[in-house]
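In what follows, a single structure is set out as structure tokens and then discussed.
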Amino acid sequence: MTKPLLDVEDLRVRFHLRTGTVEAVRGVSFQLGRERLGIVGESGSGKSQTGRAILGLTPPPGEVTAKRLAFDGIDLLTASKRTLRTLRGGRISMVMQDPKYSLNPVMTIGEQIIEAYQAHARASWSEARDKALSMLEAVKMRDPSRVFALYPHEVSGGMGQRAMIAMMLVTDPDLLIADEPTSALDVTVSMEVLRILDELVTERGMGLIFISHDLKLVSSFCDRVLVMYAGRVVEELEAKNLREAKHPYTQGLMRCLPTLADDVRPLPTLNRDPAWAL
Amino acid sequence: MAGAPLAEQPAGLRAWLLSAEPHSRWQARLGRFYLGWRAFSRNPLAVVGLGIVILLIVVAVFADFIAPYSPVAGGDLRTQRLLPPSATYWFGTDDQARDIFSRVVYGSRITLFVVVLVALIATPIGLLVGTISGYLGGWVDTVLMRVTDIFLAFPRLILALAFVAALGPGIENAIIAIAITSWPPYARIARAETLMIRNSDFIAAVKLQGASTPRIILGHVVPLCLSSLIVRVTLDMAGIILTAAGLGFLGLGAQPPMPEWGAMVATGRNYLIDQWWVAAMPGLAIFVVSLGFNLLGDGLRDVLDPKAAK
Amino acid sequence: MLDIQNLQVVFGTGRLRVDAVKDVSFHVEPGAAYGLVGESGSGKSTVLRAICGLAPITSGRVVVDGKEVTTPRSKAFYRTVQMVFQDPYASLHPRHTVDRTLSEPLAIHGEKDAEARILQALREVGLGPSFRFRYPHQLSGGQRQRIAIARALILRPKVLLLDEPTSALDASVQAEILNLLDDLRRKLGLTYILVSHDLAVVAHLCERLLVMRHGEAVEETTSKALRSGVASNEYTQSLIQASQGFTRDAKQPTQALAG
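Residue numbers (this note's numbering), protein chains in the order written: chain A, 40 to 317; chain B, 1393 to 1702; chain C, 76 to 334.
Okay, here's the thing in structure tokens:
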């Protein structure tokens, strides 16, 4: 890794509410190359806000500050709106949790992919159409030309999420941020979606940030894992070394899950040490 | 009870109200109320609206002490007719040599009477029709909603006119007429809310405890519909006051010599050019009170119905 | 304790007809915990809702505690069978305090001594009396689910229907709730029917389970067999594999692309 694709240093996301200021992300730093990075944490750990802040999608009362937030050498904090717009959806894409809410219900899937493509590449309609169809094929749709003409409500959750991935990858981004891309899906379907995602990311040499609450899933999918707690990264480790996690929170998260492999009862619970949040 | 010592609440009333661990039903309820009040009081216009409504109530209750003259008996018709506003007659006098200020003060009673009665009649009807039809669905829903549609199809003032024409003019009949024309929108709102609530898990849970249908509707559905309905009723109050005044203006509402604001504007109409105060003063009262209810309603909506606010 | 014979649930008619449950039978002994596993659309939750009357029984028999259920269910039925829902954010009335939520079932059934029973119910689910007058928005997800469990237990039922009771919760909170459910079953001698998509959760809580797919029973098996990885059915096998996490070199599951 010579030059990092994404360089984040001391990222903070604050929400100024009437009741006071809430800091959702408190000084997160990491570097990302063309690799698969997992961000794991429970609800309220700030993992999703981290992903959104990188894309500049922090909801209104929120304020993002960082010592450095650079994508491929471009400072995302000082970049003009235009630069950001071309980056977003072009070189950086995001897949959200539920395809039901992220696809436009009144446009066919094909039209949406074409629109996403034409927003970032100068291409004729027929070129864009070919590109969209090949993208739908790439996400293993059985009958791409049929799916192309379908509306989002006419497809299953798994197909919707694959269509979403097709749409997000059609511009050949360098970085994909996936926020709980499979938690609305059934297990067997989600494995399929992950396999497709994995193939595409490896093939195209993209950087991937995979945000999830599921430690087991993330560690089996990613190269490196950041464990977040109360807005901070409490531990960073190689996915394959997960069993050697040092932080009690990571250890606790791993142990408290019931497994098919062994029958522990009662399940060990997590005693949250207030010191972790400091 | 919870057995918590008083030592836990040294920080005064505010901390007690905001406690995350209320020790009694009342503390929980008051705490909730206090939070609502804090949100409400952050909106200055809403507080102005509340102030106007409170002023209306105070004036209506203490009219006997506030009004310097009788609202009905006039003064000397030769010397005290149609006098402009002055230190003696703050709002001037009308064609019967009556003090307009005193009449406006007493008129607040009639306005308040109309507002309260319409709210007391229309809200429960709308709430019950809406929640029952929404919760039960099926043919009950069809029948109740068609009835609502029929009432909704009549223009309010025309139906009120027909009603008053049938029953005879008078403030009570005017109130009934307004009430029966104003419940259908409330039923619609309550039904829409109920349709959302009806399939939620907490209703399924109470069904599984064996609760009867009336119990579910009254104890679990109605309280959730109530807040959006209160907002709507408050916002409608301005319209109700105007309708009552309109009926009075047409001579179908309160009958002379009752100091009803709309009827007062009607008499003032004859002197509009030279003695503007005769019509303007009660008109101003109608305007201020309507505005007060609108501001209050907007403020309440922000507190009670956050999703409708944006 | 619970006997389901040839249960069939159909919603709608004609073109809108949906066969949610097709001919499902199983039997649960008193004090046992039985799991229903499957993916969305498998009809597992519909079975649960048909038992307690939230979904119609189109044909078949549901026998609870030796008596076939009637439609509508009797008050006695609700004293025997209670349910805990998936989403603790949706299953508590937002305007009712914990106290009101817990006293409602007591009031419906004319039970005396509400005060003591509410405090006892709170104690049973590991919450102190300080929670009694809180509103749901003052509680965390795990605390809400504890309240929902307390509400289900306050009438002293024999059967508890659990509809994905932990899937909306964080992993560490899930462990606490699973431990609580395990304890309560032992202490109160309850019978559980647990619906979940998570094999590990079902294997943890239940002894026997039924794998469902597209409204049909695929295979009845035991947690022991599941743990040792024995499954006669290919679908069950693919579920077991998926629950192990993501594997790069795995062979393609045969059915996942359906739809």
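Backbone N, C-alpha and C define an ideal beta-carbon position, used for all residues, glycine too.
Residue interval of the beta strand (DSSP E) (run including B/Leu-1639): Taking the first residue of the second sequence as 1, we reach residue 1639 of chain B at position 247. Counting along the chain, B/Leu-1639 falls outside any beta strand (DSSP E), though it belongs to the alpha helix (DSSP H) covering 1614-1641.
Hey, quick one: how far does the beta strand (DSSP E) through A/Arg-271 stretch, first residue to last? Position 232 of the first sequence, counted from the first residue, corresponds to residue 271 of chain A. 271-277 is the span of the beta strand (DSSP E), which, as asked, contains A/Arg-271.
Whole-angstrom Cβ separation of B/Arg-1624 and B/Tyr-1578, contact assumed at under 8 angstroms? As a position in the second sequence, residue 1624 of chain B is number 232, starting the count at 1. As a position in the second sequence, residue 1578 of chain B is number 186, starting the count at 1. The pair is a contact, with the Cβ atoms about 6 angstroms apart (cut-off 8 angstroms).
Whose CA, out of C/Leu-235, C/Arg-219, C/Asp-273, C/Arg-261, lies closest to the CA of C/His-60? Because chain C in this structure spans residues 76 to 334, residue 60 of chain C falls outside the shown range and cannot be described.
Taking Cβ positions only, does C/Leu-167 come closer than 8 angstroms to chain B? Reading the third sequence from its first residue, position 92 is the one you call residue 167 of chain C. Chain B, which has a Cβ nearer than 8 angstroms to the Cβ of C/Leu-167, makes this yes.
Select from B/Ala-1407, B/Arg-1424, B/Ser-1433 the residue whose C-alpha is nearest the C-alpha of B/Leu-1687. Stepping through the second sequence from its first residue, residue 1687 of chain B is reached at position 295. When each option's Cα is compared against that of B/Leu-1687, the closest is B/Ser-1433.
Going by C-alpha distance, which of A/Arg-57, A/Gly-90, A/Pro-212 is nearest A/Leu-10? Outside the modelled stretch of chain A, which goes from 40 to 317, sits residue 10 of chain A, for which no answer is possible.
Once DSSP output is grouped into helix, strand and coil, what is the label at A/Met-40? Looking up residue 40 of chain A in the first sequence gives position 1. Here A/Met-40 scores only 48 on pLDDT, less than 50, and its place in the model should not be relied on; the value that follows carries that caveat. Looking at A/Met-40 - three-state DSSP - the assignment turns out to be coil, as it is neither helix nor strand.
Using 8 angstroms as the limit for Cβ to Cβ distance, is A/Lys-279 near chain C? Stepping through the first sequence from its first residue, residue 279 of chain A is reached at position 240. It does not: the Cβ of A/Lys-279 has no partner Cβ on chain C nearer than 8 angstroms.
Going by C-alpha distance, which of B/Arg-1430, B/Tyr-1461, B/Tyr-1527 is nearest B/Leu-1610? On the second sequence, residue 1610 of chain B is found 218 positions in, with the first residue counted as 1. The candidate whose alpha carbon is nearest that of B/Leu-1610 is B/Tyr-1527.
Can you name the start and end residues of the alpha helix (DSSP H) that A/Val-186 belongs to? The residue given as residue 186 of chain A occupies position 147 in the first sequence. First-last of the alpha helix (DSSP H) with A/Val-186: 183-187.
Candidates A/Lys-86, A/Lys-285, A/Gly-196: which alpha carbon is nearest A/Lys-139's? Counting from 1 along the first sequence, the entry for residue 139 of chain A is found at position 100. Residue A/Gly-196 is the option with its Cα nearest to A/Lys-139.
Entirely enclosed alpha helix (DSSP H) segments - the region 64-113 of chain A, minimum 4 residues: 86-94
Cα-Cα separation between A/Leu-45 and A/Ala-202, rounded to whole angstroms: Counting from one through the first sequence, the residue named residue 45 of chain A turns up at place 6. Counting from one through the first sequence, the residue named residue 202 of chain A turns up at place 163. When rounded, the distance between both Cα atoms is 26 angstroms.
Check whether chain B comes within 8 angstroms of C/Ile-16, counting only Cβ atoms and requiring the distance to be less than that. Beyond the ends of chain C as shown, which are 76 and 334, falls residue 16 of chain C; an answer cannot be given.
Which residues in the same chain as A/Thr-97 place their Cβ atom closer than 8 angstroms to its Cβ, once the five residues preceding and following it in sequence are excluded? Against the first sequence, residue 97 of chain A aligns to sequence position 58. Cβ neighbours of A/Thr-97 beyond the five flanking positions: Val-52, Gln-88, Arg-91, Val-103.
Could you please give the first and the last residue of the uninterrupted beta strand (DSSP E) stretch that includes A/Arg-263? Looking up residue 263 of chain A in the first sequence gives position 224. Looking at the DSSP string, the run of the beta strand (DSSP E) that includes A/Arg-263 is 263-268.
Flag this pair as yes or no: are the beta carbons of B/Val-1680 and B/Ile-1444 separated by less than 8 angstroms? To locate residue 1680 of chain B, count along the second sequence from 1; it is residue 288. To locate residue 1444 of chain B, count along the second sequence from 1; it is residue 52. Yes, the pair counts as a contact, with Cβ atoms nearer than the cut-off.
On the three-state DSSP scale, how would you describe C/Gly-185? In the third sequence, the residue the question calls residue 185 of chain C occupies position 110. If DSSP states are grouped into helix, strand and coil, C/Gly-185 belongs with coil.
Give the range of the beta strand (DSSP E) segment to which C/Val-270 is assigned. Sequence index remark: in the third sequence, residue 270 of chain C carries index 195 (1-based). Where C/Val-270 is concerned, the enclosing beta strand (DSSP E) stretches over 266-271.
Beta-carbon proximity list for A/Thr-147, same chain, < 8 angstroms, skipping 5 on both sides: Position 108 of the first sequence, counted from the start, is the residue given in the question as residue 147 of chain A. Closer than 8 angstroms at the Cβ level, and outside the excluded window around A/Thr-147, lie Phe-187, Ala-188, Leu-189, Tyr-190.
Taking CB distances under 8 angstroms as the criterion, tell me whether C/Met-158 reaches chain B. If you number the third sequence from 1, residue 158 of chain C lands on position 83. Cβ-Cβ to chain B under 8 angstroms: yes for C/Met-158.
Assign A/Gly-80 to one of two classes, buried (16 or more other C-beta atoms within 10 Å of its C-beta) or exposed (fewer than that). Locating residue 80 of chain A in the first sequence gives position 41, where the first residue counts as 1. Buried, since its Cβ has 16 or more Cβ neighbours within 10 Å.
For C/Val-173, which residues in the same chain have their Cβ closer than 6 angstroms to its Cβ, ignoring the five residues on either side in sequence? For the purposes of this step, residue 173 of chain C is taken as the residue at position 98 of the third sequence. Excluding positions up to five away in sequence, the list reads Phe-206, Arg-207, Arg-209, Ile-222.
Measuring only the C-alpha atoms, how far is A/Ile-78 from A/Arg-311? Here residue 78 of chain A corresponds to residue number 39 of the first sequence, with the count starting at 1. Here residue 311 of chain A corresponds to residue number 272 of the first sequence, with the count starting at 1. Going by the C-alpha atoms only, they are around 19 angstroms apart.
Can you pull out the residues from the region 101-130 of chain C whose beta carbon lies closer than 7 angstroms to at least one beta carbon of chain A? Glu-114, Ser-115
Cβ closer than 8 angstroms: which chain A residues qualify as neighbours of C/Val-338? The question about residue 338 of chain C has no answer here: the residues shown for chain C are numbered 76 through 334.
Secondary structure at C/Gln-327, three-state DSSP: helix, strand or coil? For the purposes of this step, residue 327 of chain C is taken as the residue at position 252 of the third sequence. With a pLDDT of only 46 at C/Gln-327, under 50, the local geometry of the prediction cannot be trusted, and no value is derived from it.
Determine the contact status of C/Arg-148 and C/Gly-128, defining contact as a CB-CB distance below 8 angstroms. Looking up residue 148 of chain C in the third sequence gives position 73. Looking up residue 128 of chain C in the third sequence gives position 53. A contact, by the Cβ cut-off of 8 angstroms.
Could you confirm whether any beta carbon from chain A is found closer than 8 angstroms to the beta carbon of C/Leu-301? Counting from 1 along the third sequence, the entry for residue 301 of chain C is found at position 226. Cβ-Cβ to chain A under 8 angstroms: yes for C/Leu-301.
Helix, strand or coil at A/Ala-217 according to DSSP, with G and I counted as helix: Along the first sequence, read from residue 1 onward, the residue named residue 217 of chain A stands at position 178. The answer is strand: DSSP assigns A/Ala-217 an E or B state.
So which residues of chain A does C/Gly-36 contact, with C-beta pairs closer than 7 angstroms? Summary: the structure shown does not reach residue 36 of chain C, with chain C confined to residues 76 through 334, and so no result is reported for it.
For A/Asp-237, which residues in chain C fall below 9 angstroms Cβ to Cβ? Taking the first sequence and counting its residues from 1, one reaches residue 237 of chain A at position 198. What A/Asp-237 touches in chain C: Phe-321, Arg-323.
Who are C/Lys-142's beta bridge partners in DSSP? Taking the first residue of the third sequence as 1, we reach residue 142 of chain C at position 67. Paired residue(s): C/Val-139.
Minimum C-alpha distance to A/Gln-290 - residue among A/Asp-302, A/Asp-182, A/Glu-275, A/Arg-168: The residue labelled residue 290 of chain A in the question sits at position 251 within the first sequence. It is A/Glu-275 whose Cα lies nearest to the Cα of A/Gln-290.
Check the Cβ-Cβ distances between A/Val-178 and every residue of chain C, and say whether any is below 8 angstroms. As a first step, residue 178 of chain A must be located in the first sequence, where it is residue number 139. No - not a single Cβ of chain C is within 8 angstroms of the one on A/Val-178.
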